[in-house]
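Going by our numbering, the sequence shown opens with residue 1, and the numbers climb by one from there. Okay, so here's the structure we're looking at.
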Amino acid sequence: MTDLGEVKYILGWSIERNREARTIYIHQRKYATNVFDKFEHLISYPIATPSDRSITLTKSMEPQTSEEKEAMKDIPYREVVGSLMYLMVGTRPDLAFYMREVSQFLSNPGKEHWNAVVRGLKYLSGTTDQGLLLGGSKSIDNINLADNLTAYTDSDYANCRDTRRSVGGYVTMTGQSPISWLSRKHHTVVLSTTEAAYIALCHCMQEVISLKLLLKELRFSTTKATVLMEDNQSCIKISSNPELHGRSKHIDIR
């Protein structure tokens with residue numbers, strides 16, 4: 001076994017350590033640049049956001065006729081989505097919602113779906129330097145790292161036009177640094193914004209419990225409860241006082 005020193009590059013991830021500032025910057029600039037160079041012919045200009053909120057992608061946009069399917073045959077839809085997915089799961093939480101959108105149509109993408117993927121490439125072209133900045137705060141040390149864990153969660157309501165299911169998500173932070181994130185369509189159709197928020201909160205809490213167990217295994221002590229940020233007042237009241245009510249008893253198991 002050979003000691004190669006501090007890790008600086010692995011599996012497309014660059015790791016830059018600044019001991020004076022007490023930070024570690026993890027990014028995929030080189031990988032993102034390679035993706036940009038490969039599909040540069042599709043990118044005319046950079047844009048500020050990965051998704052166009054005025055457009056909702058649906059299955060009705062999939063090609064129906066043989067001519068439409070033939071026109072999409074040689075479009076590298078899956079290749080581009082797969083390339084961007086590796087960025088999202090690694091160091092780009094800003095791509096999570098967008099990747100969930102475009103990944104729904106891998107089997108039969110249409111022209112509107114492809115336009116959405118190209119928009120993601122345009123966004124990437126102006127954000128190749130983005131990554132995760134860990135540390136930088138003198139208040140976070142080996143003793144109270146687990147106590148600096150904070151989570152944020154939110155959900156829409158029945159926004160999927162094909163299934164009427166809601167989309168929820170979360171991001172967990174230690175200090176000012178994101179360490180895990182998720183954007184996911186709920187498995188069931190919910191009947192209220194409260195229920196949608198409650199399910200998203202449940203997924204977030206599962207992640208927090210998992211992270212706290214990991215930190216405990218790494219010998220980081222926990223002396224106080226983790227703060228979860230939620231903006232749905234009904235959801236907050238149910239989770240704080242889990243009494244059975246006519247409108248909430250069907251989600252009591254969560």
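Where a beta carbon is used, it is the ideal one built from N, C-alpha and C, also for glycine.
Beta-carbon proximity check, residue i vs residue j, cutoff 8 Å
i       : j       : result
Trp-181 : Val-190 : no
Val-227 : Thr-153 : no
Arg-100 : Arg-184 : yes
Ala-196 : Glu-230 : no
Ser-177 : Leu-133 : yes
Gly-169 : Phe-97  : yes
Ala-21  : Gly-136 : yes
Ile-26  : Thr-91  : yes
Thr-33  : Ala-146 : no
Phe-105 : Val-80  : no
Asp-156 : Lys-59  : no
His-267 : Ser-166 : Absent from the structure is residue 267, since the part of the chain shown begins at 1 and ends at 254.
Leu-44  : Gln-28  : What sits at residue 44 in the sequence shown is Ser, not Leu. For Ser-44 and Gln-28, no; Cβs fall outside 8 Å.
Asn-148 : Gly-175 : yes
Leu-201 : Ser-239 : yes
Terminal residues of the beta strand (DSSP E) in which residue i lies
i       : result
Glu-131 : According to the sequence as given, residue 131 is Gly; it is not Glu. Looking at the DSSP string, the run of the beta strand (DSSP E) that includes Gly-131 is 131 to 135.
Contact belief for residue i with residue j at Cβ below 8 Å, rounded distance in angstroms
i       : j       : result
Val-35  : Ser-83  : 5 Å
Lys-122 : Pro-63  : Not quite, the Cβ-Cβ distance comes to about 23 Å (not below 8 Å), so this is no contact.
Leu-87  : Pro-50  : 11 Å between Cβ atoms; not a contact.
Val-118 : Leu-42  : 5 Å
Ile-75  : Trp-114 : 6 Å
Glu-112 : Met-61  : 4 Å
Asn-159 : Thr-193 : So it is not a contact: roughly 11 Å between Cβ atoms.
Distance cut-off 7 Å: residue i Cβ against heavy atoms of the ligand HEM
i       : result
Ala-225 : Because no ligand of any kind appears in the structure shown, any question about the ligand HEM cannot be addressed here.
Residue i - containing alpha helix (DSSP H), residue span
i       : result
Asn-115 : 111 to 125
Glu-101 : 96 to 102
(message) Just to confirm the assignment: which complete beta strand (DSSP E) runs, minimum length 3, are found wholly within the stretch 149 to 182?
(response) Entirely contained in the stretch 149 to 182, the beta strand (DSSP E) runs reaching 3 residues are, in chain order, 149 to 155 and 167 to 174.
(message) Would you call the stretch 207 to 216 in contact with the stretch 113 to 133, where contact means no fewer than 3 C-beta pairs closer than 8 Å?
(response) no
(request) Run through the stretch 8 to 83 for me and flag every whole alpha helix (DSSP H) of 4 or more residues, listed as ranges in chain order. (result) 29 to 38 and 66 to 71
(request) Could you tell me which uninterrupted alpha helix (DSSP H) segments, each at least 4 residues in length, are contained entirely in the stretch 175 to 235, listed from first to last along the chain? (result) 193 to 217
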